[in-house]
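Worksheet for the structure shown next.
2 protein chains.
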Amino acid sequence: MDDLETRELRYFVVLAEELHFGRAAARLGIAQPPLSRAIGLLERRLGVRLFDRDRRGAALTDAGRVLAREARIALDAVAAAARRTRRAGDPDRPLVLVTKAGASHELLRALLDEVRVPVEVLLCEVGEQAHRLRDGQADVAIMHRPYDDLAGFETEDVHVEGQVAIVPAAHPLAARESVTLAEVSDVPGLPIARWPRLDGTYPDGPGPEVRTQSQLAQLVALGLTLLVIPASSRAWQWPEHVAVPVTDAPDVTTVLAWPPGSPSDELVRAARNAKALAADRSA
Amino acid sequence: MDDLETRELRYFVVLAEELHFGRAAARLGIAQPPLSRAIGLLERRLGVRLFDRDRRGAALTDAGRVLAREARIALDAVAAAARRTRRAGDPDRPLVLVTKAGASHELLRALLDEVRVPVEVLLCEVGEQAHRLRDGQADVAIMHRPYDDLAGFETEDVHVEGQVAIVPAAHPLAARESVTLAEVSDVPGLPIARWPRLDGTYPDGPGPEVRTQSQLAQLVALGLTLLVIPASSRAWQWPEHVAVPVTDAPDVTTVLAWPPGSPSDELVRAARNAKALAADRSA
DNA sequence: AGCCCTGATACCCGCCGGGTATTAGCCTCG
DNA sequence: CGAGGCTAATACCCGGCGGGTATCAGGGCT
Chain A
11 MDDLETRELR
21 YFVVLAEELH
31 FGRAAARLGI
41 AQPPLSRAIG
51 LLERRLGVRL
61 FDRDRRGAAL
71 TDAGRVLARE
81 ARIALDAVAA
91 AARRTRRAGD
101 PDRPLVLVTK
111 AGASHELLRA
121 LLDEVRVPVE
131 VLLCEVGEQA
141 HRLRDGQADV
151 AIMHRPYDDL
161 AGFETEDVHV
171 EGQVAIVPAA
181 HPLAARESVT
191 LAEVSDVPGL
201 PIARWPRLDG
211 TYPDGPGPEV
221 RTQSQLAQLV
231 ALGLTLLVIP
241 ASSRAWQWPE
251 HVAVPVTDAP
261 DVTTVLAWPP
271 GSPSDELVRA
281 ARNAKALAAD
291 RSA
Chain B
11 MDDLETRELR
21 YFVVLAEELH
31 FGRAAARLGI
41 AQPPLSRAIG
51 LLERRLGVRL
61 FDRDRRGAAL
71 TDAGRVLARE
81 ARIALDAVAA
91 AARRTRRAGD
101 PDRPLVLVTK
111 AGASHELLRA
121 LLDEVRVPVE
131 VLLCEVGEQA
141 HRLRDGQADV
151 AIMHRPYDDL
161 AGFETEDVHV
171 EGQVAIVPAA
181 HPLAARESVT
191 LAEVSDVPGL
201 PIARWPRLDG
211 TYPDGPGPEV
221 RTQSQLAQLV
231 ALGLTLLVIP
241 ASSRAWQWPE
251 HVAVPVTDAP
261 DVTTVLAWPP
271 GSPSDELVRA
281 ARNAKALAAD
291 RSA
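So the sequences go chain by chain: A and B. Taking the numbering used here, the leading residue of the first sequence gets 11, the next gets one more, and so forth. Taking the numbering used here, the leading residue of the second sequence gets 11, the next gets one more, and so forth.
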């Protein structure tokens with residue numbers, strides 16, 4: 011019943027990513043034998059085989075996949091504990107707000123104007139907010155339902171809006187008043203871009219591979235793909251882009267999200283005010 | 011930037027509970043000097059003072075309070091990782107369902123009849139479900155909104171019901187057809203019982219101190235207190251008890267809750283069926 | 001067959017975590 | 001006012017464990 015140590019979990023996670031003892035050891039800055047021993051010990055302690063070893067590397071077992079997920083969560087929690095404690099010791103620490111670059115710009119602006127405590131804005135790429143929040147790099151995030159993974163956070167709805175298709179200005183669709191999801195989901199010559207999975211690999215398909223929003227924006231400008239996003243995502247509006255409302259796309263809700271228990275009262279208050287403000291303006 | 015080890019966090023948490031180096035060390039099964047050194051090292055690594063020491067013990071600083079909360083979360087996550095991994099290695103592991111003893115009995119029965127995978131039921135006291143879920147002792151919980159802390163879990167609403175006041179049969183209120191919250195909130199001679207806080211201390215007040223539902227049930231039977239609970243909490247129905255509907259109490263929603271990401275598809279399916287079943291029966 | 005690449009084993013060493021003994025404050029009480 | 005008895009901190013030693021190098025073992029390759 012002895013507890014696991016974070017060192018073991020770190021070792022395991024790296025090995026689960028590399029699936030190769032030698033490379034994992036190198037990344038960890040240790041030699042291969044200690045890693046073998048540590049993993050073997052971990053398996054004996056848990057009473058479970060975590061990797062199937064064979065001649066050309068290691069592969070995760072079912073139990074290993076469970077630990078890979080759980081270990082990442084646990085390590086994030088440990089890192090969050092350290093970071094939040096350090097910041098708690100700083101008397102005039104700012105609140106760190108993380109958001110996708112370019113999304114909900116108006117809201118962000120209203121929020122920052124409205125809020126009365128120091129706020130530091132941290133911009134990140136798509137899907138990274140949850141991780142930043144979980145490991146303590148940020149106190150609160152602006153996220154979007156149903157796109158982002160909100161599991162495990164407390165949330166406050168701030169804004170609801172429709173979606174638009176961003177298409178190259180030169181494309182016939184750019185002239186339309188509005189389109190439907192069916193019309194943009196399978197356009198010949200404009201395949202949907204593919205984002206990497208959590209493990210860094212890409213799903214199969216005809217579309218171009220992208221890692222960042224800027225890459226994607228450029229691909230749209232070049233006439234190589236299109237996308238459907240919330241109407242307020244101003245970062246996408248290049249001169250070569252045209253935004254066409256999508257009539258039947260589900261509404262997107264902009265939410266403020268934060269880890270359970272960690273209070274960000276001031277920001278929630280500000281968000282409610284900003285929300286009321288936005289409602290007034292649209293009325 | 012070096013990571014914290016779970017050993018340090020365990021030491022810290024125990025010390026944060028005991029607020030006394032000697033006693034904490036004894037509980038940890040080590041001597042006092044190593045504990046002093048470990049905590050000192052932790053403080054230097056975090057660059058933050060965690061305890062104010064003085065002649066009669068130690069007291070948490072603000073930063074210390076932050077770490078106390080975060081460390082518990084992190085340790086739960088680590089323990090959960092170990093437990094879930096062990097269980098993942100067991101091919102015919104049962105699903106562990108945790109619920110408050112006596113609550114939502116009908117639903118539980120319907121659920122167990124409906125479900126087709128082995129399920130093990132773990133009964134616990136009020137407010138413990140979240141902890142069991144967080145540290146991996148259980149896979150899924152039956153909880154009640156707005157009473158239980160659902161932060162950090164995925165949920166599926168199963169049942170909505172009104173609340174009743176449980177009063178001693180001998181009390182005048184027992185004869186009533188229904189009552190209001192105002193009528194039962196401040197009854198002379200029947201003060202509301204006090205539950206312990208997370209740290210084990212009790213809030214001030216006139217009511218009796220209780221730790222378990224059985225204690226509370228007995229106190230009601232003795233005519234010393236009353237309480238307001240969901241209508242379906244059968245465990246409360248002693249012969250000396252009378253349940254009187256409370257007309258203006260907020261409805262209580264019974265929910266199935268589980269940690270984000272850990273799939274319990276079969277149980278959710280069963281819950282939906284049980285819900286439909288219950289709806290049929292009441293219709 | 002020989003080689004090479006994989007991970008596992010054997011063995012040694014140095015550090016760090018834990019032990020005992022002692023010190024240093026500070027309050028209390030005779 | 002000084003002695004005693006709390007507290008936590010310091011000093012110092014030791015053993016185990018984590019990490020290193022050297023080597024082995026097995027299974028595809030050419």
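Positions of the beta carbon are idealized from the N, C-alpha and C atoms, including for glycine. Since this is a predicted model, take the numbers as computed values, not measurements.
- Please list, in chain order, all residues of the same chain as residue 128 of chain A whose beta carbon is under 6 Å from its beta carbon, the five residues on each side excluded. 104
- Query: For chain B, is any of its Cβ atoms less than 8 Å away from the one on residue 58 of chain A?
  - Reply: yes
- Item | Limits of the beta strand (DSSP E) - the one that residue 152 of chain B falls within | 150-155
- Item | Residue of B:181, B:36, B:17 minimising C-alpha distance to residue 52 of chain B | Among B:181, B:36, B:17, the Cα nearest to that of residue 52 of chain B belongs to B:17.
- Whose Cβ in chain A lies nearer than 9 Å to the Cβ of residue 88 of chain B? 13, 14, 15, 16, 19, 80, 81, 84, 85, 87, 88
- Cβ-based burial, residue 168 of chain B [other Cβ within 10 Å; buried from 16]: buried
- Task: Classify residue 281 of chain B as helix, strand or coil using the three-state DSSP reduction.
- Result: helix
- Message: Considering only their Cβ atoms, is the gap separating residue 96 of chain A from residue 99 of chain B smaller than 8 Å?
- Response: no
- Query: In angstroms, rounded to a whole number, what distance separates the CA positions of residue 27 of chain B and residue 159 of chain A?
  - Reply: 34 Å
- Message: Can you pull out the residues from the region 163-177 of chain B whose beta carbon lies closer than 8 Å to at least one beta carbon of chain A?
- Response: 163, 164
- Task: Residues of the region 259-283 of chain B with a CB closer than 7 Å to any CB of chain A: list them in chain order, please.
- Result: 270, 271
- Message: Using beta carbons (cut-off 8 Å, strictly below), is residue 69 of chain A in contact with chain B?
- Response: It does not; no Cβ of chain B falls within 8 Å.
- Message: Given a cut-off of 8 Å on the beta-carbon distance, is the pair residue 31 of chain A and residue 46 of chain A in contact?
- Response: yes
- Query: residue 162 of chain B: buried (16+ other C-beta within 10 angstroms of its C-beta) or exposed?
  - Reply: With 16 or more Cβ atoms within 10 Å of its Cβ, residue 162 of chain B is classed as buried.
- Task: Run through the region 164-251 of chain B for me and flag every whole beta strand (DSSP E) of 3 or more residues, listed as ranges in chain order.
- Result: 164-171, 173-178, 237-240
- For residue 125 of chain B, collect the residues of the same chain with a Cβ closer than 7 Å to its Cβ; drop the 5 residues on either side in sequence, then sort them by chain order. 276, 277, 280
- Candidates B:114, B:106, B:40, B:61, of which the one nearest residue 239 of chain B by Cα: Looking at the Cα atoms, B:114 is the closest of the given residues.
- Message: Rounded to whole angstroms, what is the Cα-Cα separation between residue 212 of chain A and residue 224 of chain B?
- Response: 55 Å
- Query: So what does residue 62 of chain B bridge to, in DSSP terms?
  - Reply: B:69
- Item | Neighbour flag for residue 143 of chain B against chain A, beta carbons, 8 Å | no
- Message: Check whether chain A comes within 8 Å of residue 50 of chain B, counting only Cβ atoms and requiring the distance to be less than that.
- Response: Nearest CB-CB separation between residue 50 of chain B and chain A: not below the 8 Å threshold.
- Task: Measure the C-alpha to C-alpha separation of residue 189 of chain A and residue 260 of chain A and round it to an integer number of angstroms.
- Result: 13 Å
- Task: Kindly indicate which three-state DSSP category residue 128 of chain A falls into: helix, strand or coil?
- Result: coil
- Is there a Cβ from chain A that is less than 8 Å from the Cβ of residue 96 of chain B? So, interface residue.
- Query: With 8 Å set as the bound, which would you pick, yes or no: does the beta-carbon of residue 106 of chain B sit closer than that to a beta-carbon of chain A?
  - Reply: no
- Message: Could you check whether residue 203 of chain A and residue 220 of chain A sit closer than 8 Å to each other, using their CB atoms as the reference points?
- Response: yes
- Straight-line CA distance for residue 143 of chain B to residue 60 of chain B? 28 Å
- Task: Can you have a look at residue 164 of chain A and say buried or exposed, based on whether 16 or more other CB atoms are within 10 angstroms of its CB?
- Result: Per the 10 Å Cβ criterion, buried.
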